[in-house]
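Have a look at the structure below before the remarks.
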Amino acid sequence: MAVTTDEQTAVEDREGVVFRLGDSEYCIDIGHVDEIVERGELTPLPNSAPHFEGVMDLRGETTTIFNPRSYFDVERDGDGGDRILILDQADANVGWVVDGVDRVITFASEHVETQVENGAVEGVLRRDDGFIILVDPTVVEDTTGAN
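First residue of the sequence shown: 1, per full-length UniProt numbering; consecutive thereafter.
Have a look at this one:
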């Protein structure tokens, strides 16, 4: 059976979790996000990459906490984020500390502007109120050794 245009569009729709770092909005495909938790007490790891805040105990599991602010060179104001996105990883528990989680959005893949693609930045989504930077966390993990 041939796929119609409406069915093709539905297949290309994606959902993403929108989070804030400073004044900018970022988005991770919802398939990468396992849960969102409040920031707990972190234990710094000596001699670790600057993008890593440390580790925390999440229900008995050691979870490595990554700081996307440092990775994306976003200025830090205050203590940093109060929420942690726990990412769905096959072989490691990884969390991203963010300033806040705003919403879940649905968007069509065709609306991702990829001319700004750069490493972990998959592209941008143009919205009525500005841009949302679409991030591929698997690229971030590959470049920082989170796996």
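Each residue gets a CB set at the ideal place from its N, CA and C atoms; glycine is no exception. Computed from a prediction, not measured in an experiment: that's the story for all the values here.
Practice item. Could you tell me the boundaries of the alpha helix (DSSP H) in which residue 48 lies? Key: Run containing residue 48: none; DSSP gives neither H nor E here.
**Study point:** Cα-Cα separation, residue 129 to residue 75
**Key:** 22 Å
Review point. By a C-beta neighbour count over all protein chains shown, 10 Å radius and 16 as the cutoff for buried, is residue 46 buried or exposed?
Key: exposed
Review point. Considering only C-alpha positions, which residue in the set 29, 22, 50 and 15 is nearest to residue 137?
Key: Nearest of 29, 22, 50 and 15 to residue 137, Cα basis: 29.
**Study point:** residue 16 versus residue 41: straight-line alpha-carbon distance, rounded
**Key:** 27 Å
Exercise for review: Please report the residue range of the beta strand (DSSP E) in which residue 24 lies.
Suggested key: 24-29
Review point. Relative to the alpha-carbon of residue 132, which residue among 71, 85 and 111 has its alpha-carbon at the smallest distance?
Key: The residue with the shortest Cα to Cα distance from residue 132 is 111.
Check your understanding: According to DSSP, what are the bridge partners of residue 61?
Key -> 58
Review point. Name the DSSP beta bridge partners of residue 43, please?
Key: 55
Practice item. Put residue 18 into one of helix, strand or coil per three-state DSSP. Key: The DSSP-derived three-state label of residue 18 is strand.
Review point. Secondary structure at residue 12, three-state DSSP: helix, strand or coil?
Key: helix
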